[in-house]
Amino acid sequence: MKMRLTKKLDREGITLLVMLAVLLLLPAYFHGNQYIMHILIMCLIYSVVAVGWDFMLGYAGIFTFGQFGFFAIGAYASGMLTLYAGIPVPLGILLGGLITAGAGVLLGLPCLRLKGAYIALVTFAFHLILVPLINSDLGRAMGTGATRGLLSIPTLAVGGYSFSVVDKIPWYYVLLGIAFLSFFIIYRITHSSIGLAFVSLRDSDKLAKSLGVDEFKHKLMVFGISAFLTGMIGAFYAHYVGIVSTRILGLDIFLMVMVMLVIGGMGKFPGAAIGAFIVTFLNEALRPTAEYRLFIFGAIVVAVIVLLPGGLMGVLFPTGRVGPGERFGHFIRRTFARKPRKNGGKELL
Amino acid sequence: MTREVAEVLISGIALGSIYAIMSVGMTLVYGVSRVFNFAYGSFYIWGAYLAYLLFSASPDMSYPAVFAIVIPVMFLFGLGVEKAVCAPLRRRADWQMLTVMSTLGLALFLDNAALIAFGPHKKALPPLLEGSTNIAGFMVSTHEMVTLAIAVSIMVGIALFLGRVRLGMKMRAVAQDGVGARIVGIQTNRVFGYAFALSTALAAIAGILLAPKYFMYPLGGWTILIKAWIVVAFGGLGSVKGTIYSAFILGIVEALVGWYFGLQWPIVFWFAIMLATLAIRPRGLFGTGE
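Protein chains in written order, with the numbering used here: chain A, 451 to 799; chain B, 95 to 384.
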């Protein structure tokens with residue numbers, strides 16, 4: 451049993467390590483091409499958003515549509531803190547994440563009273579209501595810049611070194627660090643007993659609760675962690691681009707990240723991150739087709755879901771070994787097997 | 095003042111009747127098959143576009159003829175969509191989330207198909223009937239009165255369908271207990287398909303009725319989807335009765351708030367009412383729980 455668990459750890463871990471290795475080396479080929487570097491940076495930003503969303507949707511089974519609300523809160527919070535209060539940018543990014551985590555917990559409190567589709571509604575309402583709120587007079591009084599948006603947000607500066615708009619390489623590596631730190635956090639959580647609790651709650655909440663899993667506490671934690679990561683990356687985005695407006699709450703970006711989840715494979719951890727790379731590059735490749743772009747995207751989404759519901763990760767690892775069902779079985783066995791017998795508790799299997 | 099309020103109330107009731115048509119379709123699908131249909135707004139806008147297409151093909155076409163063509167076409171379209179996009183997913187454990195995603199992809203597909211076919215500009219349909227009528231001293235636009243009449247007859251029709259017709263009774267049976275329905279020999283897959291098709295046709299009717307007043311553009315379905323969503327959640331997911339009550343309540347709220355505070359406020363009030371209701375009663379006014 452122990453053996454199987456470590457083997458499973460490796461599969462997702464190896465995918466992550468391969469990704470990291472490839473991404474570390476990519477600038478060696480593209481360092482001259484600022485356009486490709488910019489797209490790679492956007493890929494990484496979206497991959498964190500997608501993974502944070504997948505953590506909620508695919509792992510914890512919470513139907514949430516508020517992720518871009520978190521992204522926007524992080525971006526605005528850090529932008530405003532560094533712009534008006536003169537807080538150093540790295541601290542601003544961290545605070546942006548923490549403020550968003552607070553917002554996530556506040557949003558989670560009412561949502562967790564609700565079920566399935568209702569959560570989708572309330573979280574989507576949260577997303578939709580942010581646009582008029584930011585653009586309103588109240589938003590202007592708070593310093594969001596209303597419809598004009600936040601302009602000239604300070605660029606990232608660590609120590610004496612200030613990141614320039616022209617050279618994307620330093621941005622890329624810092625972001626790579628942040629992104630893989632986020633992936634590592636989620637990897638650790640999904641592979642701990644907390645992660646098993648999430649999966650058990652998603653797959654059979656009644657049984658999980660009867661085994662003593664505290665649904666409220668765990669799901670609130672998911673809201674907090676996912677909001678923190680998404681808000682932090684939103685803050686990074688604000689400093690990278692230098693401008694934030696309600697355009698980041700647009701429906702097209704929202705749908706695109708959803709496509710990333712679908713293509714990568716929901717609930718199959720690094721899948722969402724890989725999906726982010728595929729979709730962002732596909733989006734750029736389809737740019738010449740103008741209005742046909744989203745049309746093609748829509749067709750791809752429907753086709754992928756109907757034909758390959760597991761997404762890319764389902765194709766790469768079709769055995770189901772990594773599947774949530776396995777983990778749930780393991781969780782139950784571990785909970786019931788109080789002490790190891792002579793034969794290692796095998797009769798319970 | 096009182097006269098004005100009365101007129102606002104009447105237009106609120108007319109508005110509520112259209113919300114009722116489009117939300118009933120949504121709640122029907124959710125109640126019967128637990129499918130949360132994100133493409134609903136796209137069906138709505140495509141219904142209106144089909145009518146627009148017919149009108150531009152032959153300008154002197156009458157509304158009954160348009161309905162007679164659009165309703166069967168959208169019904170068959172819905173039947174096909176359910177077979178192709180929703181039914182294959184139902185065998186999987188995580189089908190509910192997958193159908194949300196696949197209908198979302200379908201919405202993206204249909205909206206952009208409309209964008210390619212009709213362009214981004216707003217288009218309008220001619221009103222059902224021109225002018226306004228004098229009812230007990232109040233001037234009401236004839237279009238709204240006709241809309242109200244159509245909506246009420248559709249509501250009555252649906253109530254009769256669910257209560258008296260075999261297929262309608264099967265739908266209620268499946269909604270109550272899918273496994274039980276299968277045990278007594280109801281072919282649930284077929285019932286899912288018909289419920290979906292019926293809701294598609296209802297969305298198209300709502301689209302045609304609203305297009306003369308609210309115009310249509312490729313992304314116009316999203317506002318409607320969100321509104322229908324709020325109506326359904328407020329009334330209680332899967333409850334047809336709750337949806338009809340909630341549609342009329344929210345229609346009147348929209349008319350009153352829009353008249354008193356301004357046009358951008360109704361949706362804020364809707365959200366506030368919905369959130370307050372869900373905080374006190376997490377399953378909406380008449381929700382069946384679950």
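Using N, Cα and C, we set each Cβ at its ideal position, and we do this for glycine too.
Q) Does the beta-carbon of A:N483 have 16 or more other beta-carbons within 10 angstroms, so that it is buried, or is it exposed? A) Around the beta carbon of A:N483, fewer than 16 other beta carbons lie within 10 angstroms, which makes this residue exposed.
Q. Identify the residues that DSSP records as bridge partners of B:V228: which are they?
A. Correcting the residue type first, residue 228 of chain B is Asn in the shown sequence and not Val. Paired residue(s): B:M233.
Q: Thinking B:A245 and B:I367 are a contact (beta carbons under 8 Å), I'd like their distance in whole angstroms, please.
A: The beta carbons of B:A245 and B:I367 sit about 21 Å from each other, so the pair does not count as a contact at 8 Å.
Q. B:A151 to B:A162, Cα distance in whole Å?
A. Going from the Cα of B:A151 to the Cα of B:A162 covers about 16 Å.
Q: Indicate whether at least one CB of chain A lies closer than 8 Å to the CB of B:P166.
A: Not an interface residue.
Q: Taking B:P182 as the query, report the chain A residues whose CB atoms sit under 8 Å from its CB, ordered along the chain.
A: What B:P182 touches in chain A: V756.
Q | Anticipated Cβ contact below 8 Å, A:F648 with A:H668, distance rounded | A | About 6 Å separates the two Cβ atoms, so the contact holds.
Q) Buried or exposed: B:E98, going by 16 or more other Cβ atoms within 10 Å of its Cβ? A) Classification for B:E98: exposed.
Q.
Can you check whether the C-beta of A:V772 is within less than 8 Å of a C-beta belonging to chain B?
A. Residue confidence for A:V772 is low, a pLDDT of 40 falling below 50, so the modelled location carries little weight and cannot support an answer.
(Q) Any beta carbon from chain A within less than 8 Å of B:F137's own beta carbon? (A) Judged by the 8 Å Cβ criterion, B:F137 is not in contact with chain A.
Q | Closest Cα partner of B:L369 within the set B:I324, B:V278 and B:V334 | A | Among B:I324, B:V278 and B:V334, the Cα nearest to that of B:L369 is on B:I324.
Q. So, does the CB of B:M191 fall closer than 8 Å to a CB anywhere in chain A?
A. The beta-carbon of B:M191 is placed less than 8 Å from the nearest beta-carbon of chain A.
Q: Spell out the partners DSSP gives A:L600 in its beta bridges.
A: In the DSSP secondary-structure assignment, A:L600 is bridged to A:V694.
Q: Indicate whether A:C561 and A:T730 have their beta-carbon atoms separated by less than 8 Å.
A: No, the pair does not count as a contact, with Cβ atoms beyond the cut-off.
Q.
Report the CB separation of A:D702 from A:L646 in whole angstroms; it is logged as a contact under 8 Å.
A. That belief does not hold up - the Cβ atoms of A:D702 and A:L646 are roughly 36 Å apart, past 8 Å.
Q. With A:L578 and B:I374 assumed to form a contact (beta carbons below 8 Å), what rounded beta-carbon distance in angstroms separates them?
A. Actually they are not in contact, since the Cβ atoms of A:L578 and B:I374 sit about 22 Å apart, beyond 8 Å.
Q. Does DSSP put A:V616 in a helix, a strand or coil?
A. DSSP places A:V616 in coil when its eight states are reduced to three.
**Q.** Span separating the alpha-carbon of B:R284 from that of B:L144
**A.** Approximately 26 Å between the Cα atoms of the pair.
Q) Opposite A:V608 in the DSSP bridges: which residues? A) For A:V608, the pairing in a beta bridge is given by DSSP as A:Y611.
Q: Taking only beta-carbon positions, decide if A:M708 is within less than 8 Å of chain B.
A: Yes, A:M708 counts as interfacial toward chain B.
Q: Please determine, among A:G715, A:F576 and A:T739, the residue with the shortest C-alpha to C-alpha distance to A:L758.
A: Its Cα nearest to that of A:L758, the residue A:G715 stands out among A:G715, A:F576 and A:T739.
Q. Any beta-carbon of chain A closer than 8 Å to the one on B:L331?
A. Yes - at least one Cβ of chain A is within 8 Å of the one on B:L331.
Q. B:W140: which of B:A207, B:A181, B:L222 and B:A100 sits nearest, CA to CA?
A. Closest by alpha carbon: B:A207.
(Q) So with CB distances below 8 Å, who are the chain A contacts of B:S196? (A) Listed by position along chain A, the residues whose Cβ is nearer than 8 Å to that of B:S196 are V751, V752, I755 and V756.
Q. Ordered along the chain, which non-local residues of its own chain (more than five positions away) have a Cβ less than 7 Å from that of A:G721?
A. These residues qualify, in order along the chain: G714, G715, G761, L762 and M763.
Q: Could you have a look at B:K177 and say whether DSSP puts it in helix, strand or coil?
A: B:K177 falls in the helix class under three-state DSSP.
(Q) Between A:M506 and A:S676, how many whole angstroms is the CB-CB distance? I'm expecting something under 8 Å. (A) Between A:S676 and A:M506 the Cβ distance is about 5 Å, and since that is below 8 Å, they are a contact.
Q: List the residues of chain A that B:N206 touches, going by C-beta distances under 9 Å, in chain order.
A: Contact note: B:N206 reaches chain A through E741, Y742, R743, L744, F745, I746, F747 and G748, using a C-beta cutoff of 9 Å and chain order.
Q) So, is the C-beta of B:A211 closer than 8 Å to a C-beta in chain A? A) So no, B:A211 is outside the interface.
Q: May I ask you to list, following chain order, the residues of the segment 568-580 of chain A that have a beta carbon less than 9 Å from some beta carbon of chain B?
A: Cβ contacts with chain B: Y568, A570, L571, V572, F574, A575, L578 and I579.
Q. When the Cα atoms are used, what is the spatial distance from B:K335 to A:G593?
A. If you take the alpha carbons of B:K335 and A:G593, they lie about 45 Å apart.
**Q.** Cβ neighbour criterion (16 or more within 10 Å) applied to A:V772
**A.** Residue placement at A:V772 cannot be trusted, given a pLDDT of 40 that sits under 50; what the coordinates show is reported in the next sentence. Classification for A:V772: buried.
Q: Note down the Cα distance separating A:Y742 from B:I210, rounded to an integer number of angstroms.
A: Straight-line spacing of the CA atoms in A:Y742 and B:I210 works out to 7 Å.
**Q.** Those residues which DSSP pairs with B:M310 across a bridge
**A.** Residue pairing by DSSP puts B:M310 in a beta bridge opposite B:K217.
Q | Run of the alpha helix (DSSP H) containing B:V334, from where it starts to where it stops | A | Annotation for B:V334: the continuous alpha helix (DSSP H) segment containing it runs V334 to Y354.
**Q.** Between the CA atoms of B:P312 and B:P214 - distance to the nearest angstrom
**A.** Distance between the alpha carbons of B:P214 and B:P312 is about 6 Å.
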